[in-house]
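Protein chains in written order, with this note's numbering: chain A, 1 to 110; chain B, 1001 to 1112.
Structure first, then comments.
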C-alpha cells in the first residue's frame, strides 16, 4: 500500500489560514486520501477524506492535485484548539493497511 | 451516545501475563480495528474486522489475537505479554472501510 510524506512540524498564527501538505507519489487510482488529527493524550479524530475532487466540510478543506500525487489540508482560520498532530493517510478498497505515519505537528501561535 | 468505549484506561502487567483489552461500539458499525501507538510515533494497525465473524491481520499482528462474535464488541488479547508491547492501544469503528473512523480514548498498557 502507498505511503505518504509530511513535514514533521509547522507553525501558524492564530486566526490565519493553514495549509498542511502531503505527498503521495505512489498513489493508485483507487486510493482514498484521509486526514485525521490527534490532540495530546486523545485518540485520533477524523477531519476529512476524498478520492479525486476537492472536498469541504465544517472543519476543513481538502485540495487534491490534478495528478493526485499530493494533497493539502486547509484550515481556514487556525485556533488554539487546532494545535495537534495531523496525519495524511491513504487507503485502498479491500486493502488491509491504514498507515498513519508520523504526521505533522501543528503549533498555533496566539 | 457512548461511541467507542475502551476498557481499561490503564493497565500494568508483568512479562508473560495474558490480558484482554475490551472495545465496544454502539453505532452498529461493521468495520472495527485495533491500533498501537508507541511514543513519538504514528498509529500502527494490529488487526481489523469487516463484520461479525470476520477478522484479518494488519501491519503488526504478532503477539495479539482478536475475535468478533458480535457487531458491538472487538476484544484484543495479548497472549503472553512482553515489554515490547508497552504502548497505547486504540480501538476504532466505522460504517465501512473507507468511511470516517471513530476512535476510543485508548488503553495505556505498561509491561514490566
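All C-beta atoms in this analysis are idealised placements derived from N, C-alpha and C, irrespective of residue type, glycine included.
(message) Out of A/24, A/3, A/35, which one is the CA nearest neighbour of residue 1098 of chain B?
(response) Position 98 of the second chain holds residue 1098 of chain B. Answer by Cα proximity: A/35.
(message) When you measure from the CB of residue 1042 of chain B to every non-hydrogen atom of the ligand MG, does any distance come out below 6 angstroms?
(response) In the structure shown, the ligand MG is absent, as is every other ligand, since no ligand is present at all.
(message) Taking only three categories from DSSP, how would you classify residue 21 of chain A?
(response) Position 21 of the first chain holds residue 21 of chain A. Note: residue 21 of chain A maps to strand in three-state DSSP.
(request) Spatial neighbours of residue 1100 of chain B within its chain, please: CB distance less than 8 angstroms, with the 5 preceding and 5 following residues excluded, ordered by chain position. (result) Here residue 1100 of chain B refers to the residue found at position 100 of the second chain. Closer than 8 angstroms at the Cβ level, and outside the excluded window around residue 1100 of chain B, lie 1094.
(message) Among the candidates B/1102, B/1090, B/1103, B/1096, whose CA atom is the shortest distance from the CA of residue 1109 of chain B?
(response) Mapped onto the second chain, residue 1109 of chain B falls at position 109. Nearest C-alpha to residue 1109 of chain B: B/1090.
(message) Applying the 10 Å Cβ sphere with the 16-neighbour rule, what's the burial state of residue 44 of chain A?
(response) Stepping through the first chain from its first residue, residue 44 of chain A is reached at position 44. Residue 44 of chain A comes out buried.
(message) Using a Cβ-Cβ distance cut-off of 7 angstroms, determine whether residue 1074 of chain B contacts chain A.
(response) The sequence position of residue 1074 of chain B within the second chain is 74, counting from 1. Not one chain A Cβ lies under 7 angstroms of residue 1074 of chain B.
(request) Give a yes or no on whether the minimum CB-CB distance between residue 1105 of chain B and chain A is below 7 angstroms. (result) Here residue 1105 of chain B corresponds to residue number 105 of the second chain, with the count starting at 1. True, the Cβ-Cβ gap to chain A drops below 7 angstroms.
(request) Report yes if the CB atom of residue 23 of chain A is closer than 7 angstroms to the CB atom of residue 52 of chain A, and no otherwise. (result) Sequence index remark: in the first chain, residue 23 of chain A carries index 23 (1-based). Sequence index remark: in the first chain, residue 52 of chain A carries index 52 (1-based). No.
(message) Here's the rule I'm using: 16 or more other beta-carbon atoms within 10 Å means buried, otherwise exposed. How should residue 1058 of chain B be labelled?
(response) Locating residue 1058 of chain B in the second chain gives position 58, counting from the first residue. Residue 1058 of chain B is buried by the Cβ-count criterion.
(message) Assuming residue 79 of chain A and residue 19 of chain A are in contact, meaning their beta carbons sit under 8 angstroms apart, how far apart are those beta carbons, in whole angstroms?
(response) To locate residue 79 of chain A, count along the first chain from 1; it is residue 79. To locate residue 19 of chain A, count along the first chain from 1; it is residue 19. The pair is not a contact, with the Cβ atoms about 16 angstroms apart (cut-off 8 angstroms).
(message) What residue range does the beta strand (DSSP E) around residue 34 of chain A cover?
(response) Numbered from its first residue, the first chain carries residue 34 of chain A at position 34. First-last of the beta strand (DSSP E) with residue 34 of chain A: 32-38.
(request) With DSSP as the reference, label residue 1093 of chain B as helix, strand or coil. (result) Working through the second chain from its first residue, we reach residue 1093 of chain B at position 93. Reduced to three states, the DSSP call for residue 1093 of chain B is strand.
(message) Please state the DSSP three-state secondary structure of residue 1085 of chain B.
(response) Mapped onto the second chain, residue 1085 of chain B falls at position 85. It is helical.
(request) Please determine, among A/87, A/81, A/93, A/55, the residue with the shortest C-alpha to C-alpha distance to residue 100 of chain A. (result) Here residue 100 of chain A corresponds to residue number 100 of the first chain, with the count starting at 1. Comparing Cα-Cα distances from residue 100 of chain A to each of A/87, A/81, A/93, A/55, the minimum goes to A/87.
(request) May I have the straight-line CA-CA distance separating residue 1080 of chain B from residue 65 of chain A, to the nearest angstrom? (result) Residue 1080 of chain B sits at position 80 when you count from the first residue of the second chain. Residue 65 of chain A sits at position 65 when you count from the first residue of the first chain. Cα to Cα, residue 1080 of chain B sits roughly 46 angstroms from residue 65 of chain A.
(request) Tell me whether residue 81 of chain A sits in a helix, a strand or coil according to DSSP, three-state version. (result) Translated into positions along the first chain, residue 81 of chain A becomes position 81. Helix.
(request) My understanding is that residue 1096 of chain B touches residue 1035 of chain B, with C-beta atoms under 8 angstroms, so please give their C-beta distance in whole angstroms. (result) Walking along the second chain from the start, residue 1096 of chain B turns up at place 96. Walking along the second chain from the start, residue 1035 of chain B turns up at place 35. That pair is no contact at about 18 angstroms.
(request) Between the Cα of residue 1053 of chain B and those of B/1084, B/1063, B/1070, B/1092, spot the shortest distance and give me the residue it belongs to. (result) For this step, residue 1053 of chain B is matched to residue 53 along the second chain. Looking at the Cα atoms, B/1070 is the closest of the given residues.
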